[in-house]
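Peer 1: To start, I am sharing the structure in question, which I have written as structure tokens.
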Amino acid sequence: MDARQSSKLQQSRPAGAYGLTPQQSVDLIVRTALEYGISDQRQIAYMLASAQHESDQFRTAREYGGPRQAIVRGYGGGRNYFGRGYVQVTHDHRYAAMDRALELGGRVIANPDVVATDPHIGAQSLVVGMMRGLFTGKSLHSYVGGQQTDYVNARRTVNGTDKAALIAGYVLSWEKKLPSIVTRLEQEGLERRPMPGNTTLADGKIGPGDRGYEVQQLQVRLGELGLRGASGKRVTTDGVFSAETAHALKTFQARTGIGHDGVADAQTLMALGLEHLAPSRGLPQSVKSAASGFSPSDQRLQGKLDACVKALDHEAGKRWDESSGRVSAAAFLEAKRHGFSAQDDFRLVLSQRTETHREGDFVCLLRVGPSMSSDPAANRIRIAMNDALSNPSLPEMALSGVENGPQTQAVQASIQLNQTGVLKR
1 MDARQSSKLQ
11 QSRPAGAYGL
21 TPQQSVDLIV
31 RTALEYGISD
41 QRQIAYMLAS
51 AQHESDQFRT
61 AREYGGPRQA
71 IVRGYGGGRN
81 YFGRGYVQVT
91 HDHRYAAMDR
101 ALELGGRVIA
111 NPDVVATDPH
121 IGAQSLVVGM
131 MRGLFTGKSL
141 HSYVGGQQTD
151 YVNARRTVNG
161 TDKAALIAGY
171 VLSWEKKLPS
181 IVTRLEQEGL
191 ERRPMPGNTT
201 LADGKIGPGD
211 RGYEVQQLQV
221 RLGELGLRGA
231 SGKRVTTDGV
241 FSAETAHALK
251 TFQARTGIGH
261 DGVADAQTLM
271 ALGLEHLAPS
281 RGLPQSVKSA
291 ASGFSPSDQR
301 LQGKLDACVK
311 ALDHEAGKRW
321 DESSGRVSAA
331 AFLEAKRHGF
341 SAQDDFRLVL
351 SQRTETHREG
361 DFVCLLRVGP
371 SMSSDPAANR
381 IRIAMNDALS
391 NPSLPEMALS
401 GVENGPQTQA
411 VQASIQLNQT
421 GVLKR
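And the structure:
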């Protein structure tokens with residue numbers, strides 16, 4: 001989050017958790033999750049549902065009863081360690097664990113109340129706490145993520161099964177609201193960063209013996225690319241680095257020519273578009289130079305087009321899938337070819353039924369807003385849906401080593417875009 005956004009967040013202080021409106025709290029939580037690279041909206045929806053319940057509908061960042069509750073309930077450390085945050089941190093050892101995970105250098109230990117007064121720490125403690133299992137030892141990705149969707153038992157990441165069904169109901173409501181929130185925040189711009197508390201990538205690699213959120217993200221990406229284990233089955237997205245995971249990873253490495261050891265080092269993560277999982281200090285200098293040298297405008301352009309496709313998916317009642325990636329790739333290539341830029345705003349719409357074409361035979365990329373040309377034809381690109389779906393997605397282009405074709409320059413730029421980690425699915 002940049003200084004402008006932080007200043008804007010602090011300007012208005014109506015009654016509510018952290019002095020924010022409920023919508024400001026929601027935006028902050030969603031932005032924090034997205035910037036940490038969490039793309040599974042089911043996980044974000046569960047975070048919002050948990051925050052909604054734990055903060056009494058976003059009204060408070062402190063447990064009702066405060067110090068008295070800490071004494072009555074026997075919280076470790078005594079009266080000063082009552083619940084604080086969007087999801088309440090309790091007990092002295094959990095405050096200490098949160099301080100370490102968020103890399104705050106003892107700030108929370110010295111003043112536990114900062115979890116209830118700093119909205120950014122509140123949002124970070126929620127997201128990192130649930131993904132890293134800091135509240136109960138159980139992580140959200142074990143219940144929600146990849147092939148798992150267990151909204152009832154996901155409550156075990158915070159407080160056993162207390163109010164589990166109620167919170168699961170909240171999640172279904174957030175699932176409907178979230179796509180438009182994500183689209184808006186992506187269009188405003190996000191600053192991607194590694195999620196703190198990462199022990200899996202302590203050595204800069206993901207490999208045998210590792211488990212956790214980062215492993216699950218790797219498994220999901222391998223599945224998106226259609227890569228399978230030695231058994232021929234899709235890799236299980238359970239967050240445990242298995243022999244099947246290693247086999248699929250070796251296949252990816254062999255196809256891209258970046259080794260064949262079945263370990264996801266910084267270069268492999270970069271090629272997969274998962275570089276946001278690893279601290280930048282773990283990247284080889286040559287990889288860092290390639291990433292920093294790529295045009296930031298192309299990063300923003302792809303982000304805007306991804307957001308448009310997600311909005312179209314939401315209207316159709318579907319989740320992002322392989323076809324979404326192909327449509328986004330086609331839109332990116334055509335946008336580059338026609339001179340559209342990251343400064344433009346866009347909409348994607350499906351074509352209507354005509355005498356010669358069915359509804360949805362084409363997807364139209366429309367340039368909207370202040371940057372529109374005075375020539376209406378210059379603001380519209382029509383893309384045949386069959387062509388879009390028959391072409392590879394950008395990650396698949398990198399796998400296949402596309403070199404020739406009518407859009408060679410744009411395709412090669414897209415491959416470079418993927419290899420430098422810009423694309424985030």
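In terms of the UniProt record's numbering, the sequence shown opens at residue 1 and continues consecutively. Where is the CB? At the ideal position from N, CA and C, for every residue including glycine.
Could you check the C-alpha separation between residue 376 and residue 303 for me, to the nearest Å?
Peer 2: So the alpha carbons of these two residues sit roughly 24 Å apart.
Peer 1: Excluding the five sequence neighbours on either side, which residues of its own chain have a C-beta within less than 7 Å of the C-beta of residue 385, listed in chain order?
Peer 2: Contacts found: 360, 361, 362 and 363.
Peer 1: Taking the C-alpha atoms as reference points, what is the distance between residue 16 and residue 58?
Peer 2: Each residue's Cα considered, the two are about 6 Å apart.
Peer 1: Leaving aside the five residues before and after residue 324 along the sequence, list all residues of the same chain whose C-beta is less than 6 Å from its C-beta, in chain order.
Peer 2: Excluding residues within five positions, the ones whose Cβ falls inside 6 Å are 309 and 313.
Peer 1: Return the first residue and the last residue of the alpha helix (DSSP H) that residue 109 is part of.
Peer 2: From DSSP, the alpha helix (DSSP H) with residue 109 extends over 107-110.
Peer 1: Could you say which of 72, 60, 248 and 145 lies nearest to residue 84 if we only look at CA atoms?
Peer 2: Nearest option by C-alpha distance: 60.
Peer 1: Three or more beta-carbon pairs under 8 Å between the segment 191-202 and the segment 248-260, yes or no?
Peer 2: Flag = no, the segment 191-202 and the segment 248-260 do not touch.
Peer 1: Please say whether residue 98 and residue 137 have beta carbons closer to each other than 8 Å?
Peer 2: No, these two residues do not count as a Cβ contact at 8 Å.
Peer 1: Considering only their Cβ atoms, is the gap separating residue 215 from residue 240 smaller than 8 Å?
Peer 2: Yes, the Cβ-Cβ distance between residue 240 and residue 215 is below 8 Å.
Peer 1: Kindly indicate which three-state DSSP category residue 223 falls into: helix, strand or coil?
Peer 2: In this structure, residue 223 counts as helix in the three-state DSSP scheme.
Peer 1: DSSP state of residue 171, grouped into three classes?
Peer 2: It is helical.
Peer 1: Please list, in chain order, all residues of the same chain as residue 428 whose beta carbon is under 8 Å from its beta carbon, the five residues on each side excluded.
Peer 2: Because the chain here runs from 1 to 425, residue 428 falls outside it and cannot be looked at.
Peer 1: Please state the DSSP three-state secondary structure of residue 155.
Peer 2: Three-state DSSP puts residue 155 in a helix.
Peer 1: What do you get for residue 390, buried or exposed, if any count of 16 or more other CB atoms within 10 angstroms of its CB means buried?
Peer 2: Answer is exposed; the Cβ neighbour count stays below 16.
Peer 1: Any chance you could list the beta strand (DSSP E) runs of at least 3 consecutive residues sitting entirely within the segment 334-381, in chain order?
Peer 2: Entirely contained in the segment 334-381, the beta strand (DSSP E) runs reaching 3 residues are, in chain order, 345-350 and 362-368.
Peer 1: So, for residue 205: in the same chain, excluding its five sequence neighbours on each side, which residues have a beta-carbon less than 7 Å away from its beta-carbon?
Peer 2: If we look at residue 205 and ignore the five residues flanking it on each side, its Cβ neighbours are 263, 264 and 265.
Peer 1: To test your reading of the DSSP string, which unbroken alpha helix (DSSP H) runs of 4 or more residues are found completely within the UniProt domain "Glycoside hydrolase family 19 catalytic" (77-149)?
Peer 2: Runs of the alpha helix (DSSP H) inside the UniProt domain "Glycoside hydrolase family 19 catalytic" (77-149): 92-101, 107-110, 114-117 and 119-132.
Peer 1: What residue ranges within the UniProt domain "Peptidoglycan binding-like" (211-272) form continuous beta strand (DSSP E) runs of no fewer than 3 residues, ordered along the chain?
Peer 2: List check, beta strand (DSSP E) in window: nothing returned.
Peer 1: How many Å lie between residue 150 and residue 338 at the Cα?
Peer 2: For residue 150 and residue 338, the distance between alpha carbons rounds to 44 Å.
Peer 1: Put residue 38 into one of helix, strand or coil per three-state DSSP.
Peer 2: Three-state DSSP puts residue 38 in coil, outside helix and strand.
Peer 1: Smallest Cα separation from residue 238: which of 176, 147, 187 and 186?
Peer 2: Cα-wise, what sits closest to residue 238 is 147.
Peer 1: Given 7 Å as the limit, tell me if residue 190 has its C-beta closer than that to any heavy atom belonging to the ligand ZN.
Peer 2: The ligand ZN is absent from the structure shown, which contains no ligands of any kind.
Peer 1: Sort 174, 121, 187 and 93 by Cα distance to residue 23 and report the nearest one.
Peer 2: Checking every option, the nearest Cα to that of residue 23 belongs to 174.
Peer 1: Classify residue 88 as buried or exposed, calling it buried when 16 or more other Cβ atoms lie within 10 Å of its own Cβ.
Peer 2: It is buried - the Cβ of residue 88 has at least 16 other Cβ atoms within 10 Å.
Peer 1: At the level of alpha carbons, what is the spacing between residue 317 and residue 63?
Peer 2: Each residue's Cα considered, the two are about 37 Å apart.
Peer 1: On the DSSP letters alone, give me the boundaries of the alpha helix (DSSP H) that residue 55 sits inside.
Peer 2: Here residue 55 belongs to no alpha helix (DSSP H), and DSSP marks it neither H nor E.
Peer 1: Leaving out the 5 sequence neighbours to the left and right, which residues in its chain are closer than 8 Å to residue 235 when beta-carbon positions are compared?
Peer 2: The residues are 219, 222, 223, 227, 228, 229, 242, 244, 245 and 248.
Peer 1: Evaluate residue 156 with the Cβ neighbour count: other Cβ atoms within 10 Å of its Cβ, from every protein chain shown; 16 or more gives buried, anything less gives exposed.
Peer 2: The residue is buried, with at least 16 neighbouring Cβ atoms inside 10 Å.
Peer 1: If I follow the unbroken alpha helix (DSSP H) through residue 389, where does it start and stop?
Peer 2: Taken as a continuous stretch (DSSP letters only), the alpha helix (DSSP H) holding residue 389 covers 385-390.
Peer 1: Indicate the three-state DSSP secondary structure (helix, strand or coil) for residue 184 in the structure shown.
Peer 2: Note: residue 184 maps to helix in three-state DSSP.
Peer 1: Give the single residue among 349, 75 and 48 whose Cα lies nearest to the Cα of residue 171.
Peer 2: Checking every option, the nearest Cα to that of residue 171 belongs to 48.
Peer 1: Within 10 angstroms of its Cβ, does residue 177 collect 16 or more other Cβ (buried), or is it exposed?
Peer 2: When all chains shown are included, residue 177 counts as exposed.
Peer 1: Determine the extent of the alpha helix (DSSP H) in which residue 66 is found, giving its start and end residues.
Peer 2: Its alpha helix (DSSP H) spans residues 66-72.
Peer 1: Would you kindly work out how many angstroms separate the C-alpha atoms of residue 500 and residue 77, rounded to a whole number?
Peer 2: In this structure the chain extends from 1 to 425, so residue 500 is not present and cannot be described.
Peer 1: Roughly how many angstroms lie between the CA atoms of residue 341 and residue 144, to the nearest whole one?
Peer 2: Distance between the alpha carbons of residue 341 and residue 144 is about 36 Å.
Peer 1: How would you call residue 277, buried or exposed, if buried means at least 16 neighbouring beta carbons within 10 angstroms?
Peer 2: Answer is buried; the Cβ neighbour count reaches 16.
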